[in-house]
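Counting from 176, one number per residue, gives the positions in the sequence shown under this note's numbering.
Just below is one structure, and these are the notes that go with it.
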Amino acid sequence: MFPYWCHQVLHIGAAGYGAVDASWAVGLVLGSLLVGRFNRWSFRHVIVVMSLTLGVATIVFASLHVAWAGGVILGLAGVANAILNAVMMTIMQRLIPEELRGRIFSSFLSGKSEGTGLGLSIVKRLLLSHHGDIELVRTDSTGTVMRLWLPRLAG
């Protein structure tokens, strides 16, 4: 959808598309560098603010008809996405007890009384159905590392 939008709405060629798309990557790098600035915020606050930022950026981006402005918005969305991902991974690091690690992608498995145990199972099934995957790489005292494989879109 994104290449189509760039071509049909912004009327830019391959180089323009590359520049707009690269702004997302630059935003991801900047967000990764800035994530430490949010250590005084609660996880909930960061998740709400960054999710709202991503939502607003998506709406604004879809309504723009100027390539450079789209690049700026995508860059800001990339920053919010990187910060949100870092916070979500930190939460995951703290939530997986050792006795559940080998079975974390099973349905109805939860380490909490209020959980349904469907979250990671659904994520795994969605990724597999789209030719992607997720795996637990390691969990130790320093945290949890998950590896995601996402399919590359044909463009």
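Beta carbons are placed, not taken as given, at the ideal position from N, Cα and C, and that holds for glycine.
The structure presented is a predicted model; accordingly, all values stated were derived computationally and were not measured.
Measuring C-alpha to C-alpha distances from V224 to each of K299, L203, G211 and N256 identifies N256 as the nearest.
Between G253 and L203 the beta-carbon gap is near 4 Å, inside 8 Å, which marks them as a contact. Here L323 carries a strand assignment [DSSP, helix/strand/coil].
Burial check for I266: the Cβ neighbour count within 10 Å stays below 16, so the residue is exposed.
Between the segment 228-247 and the segment 179-190 there are three or more inter-stretch CB-CB distances shorter than 8 Å, so the stretches are counted as touching.
With contacts defined by Cβ atoms closer than 9 Å, I309 and V262 do not form a contacting pair.
A direct Cα-to-Cα measurement between W324 and S296 gives close to 15 Å. Assignment of beta-bridge partners to I309 by DSSP yields L323. Under the three-state reduction of DSSP output, T314 falls in the strand class.
DSSP places H182 in the uninterrupted alpha helix (DSSP H) bounded by F177 to Q183.
The three-state reading of DSSP puts T291 in coil, since its state is none of H, G, I, E or B.
The alpha-carbon of V312 is positioned some 25 Å away from that of L205. L259 and S226 have their C-alpha atoms roughly 7 Å apart. The DSSP-derived three-state label of G230 is helix. Taking the CA atoms as reference points, H220 sits about 11 Å from N214.
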